[in-house]
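Numbering (UniProt numbering), first residue to last: 1 to 218. Notes to accompany the following structure.
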Amino acid sequence: MQRRKQKLTQPKKLKRYTVREEEEEAAANEEADCEQREAEKKRPKMNTFTPGASVADILIHPPSQYILQKLSTFNYTELWYFSFAGHLDTEKYHNKSQVDDTFGITRVDDLLTVRPVASVRASCNVLPDHELSFSEFLKAKNCFLDHAKKANWPITNLDTLTKFFWFLETHPSLQIPLGEKIILTYTSCIRFDWHRELKAGRGYNISVINSRLLDTIT
Numbered sequence: 001m002q003r004r005k006q007k008l009t010q011p012k013k014l015k016r017y018t019v020r021e022e023e024e025e026a027a028a029n030e031e032a033d034c035e036q037r038e039a040e041k042k043r044p045k046m047n048t049f050t051p052g053a054s055v056a057d058i059l060i061h062p063p064s065q066y067i068l069q070k071l072s073t074f075n076y077t078e079l080w081y082f083s084f085a086g087h088l089d090t091e092k093y094h095n096k097s098q099v100d101d102t103f104g105i106t107r108v109d110d111l112l113t114v115r116p117v118a119s120v121r122a123s124c125n126v127l128p129d130h131e132l133s134f135s136e137f138l139k140a141k142n143c144f145l146d147h148a149k150k151a152n153w154p155i156t157n158l159d160t161l162t163k164f165f166w167f168l169e170t171h172p173s174l175q176i177p178l179g180e181k182i183i184l185t186y187t188s189c190i191r192f193d194w195h196r197e198l199k200a201g202r203g204y205n206i207s208v209i210n211s212r213l214l215d216t217i218t
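What follows is the structure in structure tokens.
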């Protein structure tokens with residue numbers, strides 16, 4: 001009788017072992033499928049195009065990878081990079097036919113990150129905003145705003161920057177001697193301070209022109 005019970009229980013043990021094996025195999029297959037899906041996500045994909053759309057009338061070389069990286073992290077950038085001279089500098093020193101596989105270390109939000117050198121290296125020819133001519137400033141700020149929009153800067157910030165530039169572009173100080181230099185100096189100082197305060201959580205409305213501060217520059 002006991003032998004018969006042992007024989008009856010043996011198939012049950014075999015059945016439990018088979019189910020466990022199936023579960024392990026299913027889990028392994030699911031993990032493999034998950035890894036494959038993740039690999040597919042990381043694989044470079046070529047974008048499609050809009051039917052009927054044609055090339056633009058004017059081709060403008062984009063800013064350097066260094067500046068595009070600064071824009072993507074919402075950092076301060078000199079307007080010179082968006083000027084004609086800045087575009088020429090990018091074309092001259094960044095060979096678009098070769099891939100720069102040299103890497104450097106940069107800090108992003110208090111974290112050290114390894115990035116291509118082209119994306120962490122500033123131009124040795126860069127000029128601060130107050131050393132631009134007023135016509136260079138007017139053209140560069142439009143290009144800057146366009147690229148900031150493409151970098152998905154908050155609409156509220158873009159709107160206030162647009163007003164900031166407009167108020168300075170039409171400010172009465174431009175009618176006095178050295179008025180353009182005064183406006184450019186104010187722009188250079190205030191934009192840098194605005195970005196610093198935003199990072200510290202103390203952002204303010206940059207489009208409100210501080211006349212007293214402007215008078216100290218004159």
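Beta carbons: idealized from backbone N, C-alpha and C, even for Gly.
So for residue i, helix, strand or coil by DSSP?
{"i": "alanine 122", "result": "coil"}
{"i": "arginine 202", "result": "coil"}
{"i": "histidine 130", "result": "helix"}
{"i": "valine 208", "result": "coil"}
{"i": "valine 19", "result": "helix"}
{"i": "serine 135", "result": "helix"}
{"i": "aspartate 57", "result": "coil"}
{"i": "histidine 171", "result": "coil"}
{"i": "asparagine 142", "result": "helix"}
{"i": "lysine 45", "result": "coil"}
{"i": "threonine 77", "result": "coil"}
{"i": "asparagine 152", "result": "coil"}
{"i": "serine 188", "result": "helix"}
Between the options, which lies nearest to residue i when the distance is taken from Cα to Cα?
{"i": "aspartate 146", "options": "Lys45, Pro51, Leu71", "result": "Leu71"}
{"i": "asparagine 75", "options": "Ile217, His195, Tyr204", "result": "His195"}
{"i": "residue 233", "options": "Ala148, Leu161, Ile217, Ser173", "result": "There is no way to answer for residue 233, as the model of the chain reaches only from 1 to 218."}
{"i": "tyrosine 93", "options": "Val126, Thr77, Thr73", "result": "Val126"}
Quick one: using the 10 Å Cβ neighbour count with 16 as the cut-off for buried, is residue i buried or exposed?
{"i": "tryptophan 80", "result": "buried"}
{"i": "valine 99", "result": "A caution first: valine 99 carries a pLDDT of 48, below 50, which makes its placement in the model unreliable, though a value can still be read off. The residue in question, valine 99, is exposed, as its Cβ has fewer than 16 Cβ neighbours within 10 Å."}
{"i": "isoleucine 206", "result": "buried"}
{"i": "serine 211", "result": "exposed"}
{"i": "threonine 48", "result": "exposed"}
{"i": "residue 241", "result": "Nothing can be reported for residue 241, as the shown portion of the chain is limited to 1 through 218."}
{"i": "isoleucine 176", "result": "exposed"}
{"i": "glutamate 24", "result": "exposed"}
> Three or more beta-carbon pairs under 8 Å between the region 52 to 68 and the region 186 to 205, yes or no?
Replying inline: The region 52 to 68 and the region 186 to 205 do not touch, with fewer than 3 CB-CB distances between them shorter than 8 Å.
> For the 8 Å Cβ check, are there 3 or more pairs between the region 195 to 206 and the region 148 to 156?
Replying inline: With the cut-off at 8 Å, the region 195 to 206 and the region 148 to 156 do not touch.
> Three or more beta-carbon pairs under 8 Å between the region 49 to 64 and the region 82 to 90, yes or no?
Replying inline: Touching, yes, given that three or more Cβ pairs across the two stretches are closer than 8 Å.
> Counting Cβ pairs, one atom from each stretch, are 3 or more of them under 8 Å apart for the region 165 to 185 and the region 134 to 146?
Replying inline: The region 134 to 146 and the region 165 to 185 touch, with three or more beta-carbon pairs separated by less than 8 Å.
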